[in-house]
Structure formats: structure tokens, C-alpha cells
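S.K.: A single structure is presented below for examination.
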Amino acid sequence: MPEIEGGDEKALEQARKEGEVIIKRKDGSSFSIKPIQKEESPLDLKGVELSLSADEIVEIVREMREK
1217 MPEIEGGDEK
1227 ALEQARKEGE
1237 VIIKRKDGSS
1247 FSIKPIQKEE
1257 SPLDLKGVEL
1267 SLSADEIVEI
1277 VREMREK
């Protein structure tokens, strides 16, 4: 794990890129900084409320494929 000196933003950015950084103080104590992973996927999309039934959607898709 990389060790860095100075700069909170630098430490956070490096932790984001590397997965973890170790910060050592002058008194010899060490700290580990790791980014917290989001629990949702970046591919998750919010649903859209439609007033269409599944059968209507299938019918529309079939019509589109025929074109």
C-alpha cells in the first residue's frame, strides 16, 4: 500500500485510485484510508411509471421489429 505525505485531498484521491493508502504520523502511528464502495451499481436506473400493460409493450415491440 502506498504511503503519502501531506494534503487531505491528495490522500483521498490516491485512496480512490489505489484502493487504500497508509498515512504515518511523526509519532509513528499509522492510519489506513479506504474509499467506501457504493452499494448500487452505476448501471442501476430508476423505473419509469407507464400506463401500459406488458401485452401492450410486447405489441409495440413487435410492430417496431416489423418496420
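Each residue of the sequence shown is one higher than the one before, counting from 1217 in our numbering.
Even for Gly, the Cβ is constructed at its ideal location relative to N, Cα and C.
None of the values given here were measured: they were computed from a predicted structure.
What would DSSP say about Val1237, mapped onto helix, strand or coil?
M.R.: Locating residue 1237 in the sequence shown gives position 21, counting from the first residue. Correct three-state label for Val1237: strand.
S.K.: Count the other CB atoms within 10 Å of the CB of Ala1270; is the residue buried (16 or more) or exposed (fewer)?
M.R.: Looking up residue 1270 in the sequence shown gives position 54. When all chains shown are included, Ala1270 counts as exposed.
S.K.: Can you tell me the Cβ-Cβ gap for Ser1246 and Ile1238, rounded? I've got them flagged as a contact below 8 angstroms.
M.R.: As a first step, residue 1246 must be located in the sequence shown, where it is residue number 30. As a first step, residue 1238 must be located in the sequence shown, where it is residue number 22. With 8 angstroms as the limit, Ser1246 and Ile1238 qualify as a contact, their Cβ atoms being about 6 angstroms apart.
S.K.: Put Ile1252 into one of helix, strand or coil per three-state DSSP.
M.R.: Locating residue 1252 in the sequence shown gives position 36, counting from the first residue. Correct three-state label for Ile1252: coil.
S.K.: Thinking C-beta only, is Lys1250 closer than 8 angstroms to Glu1229?
M.R.: Numbered from 1 along the sequence shown, position 13 holds the residue referred to as residue 1229. Numbered from 1 along the sequence shown, position 34 holds the residue referred to as residue 1250. Against a cut-off of 8 angstroms, the Cβ pair of Lys1250 and Glu1229 comes out as no contact.
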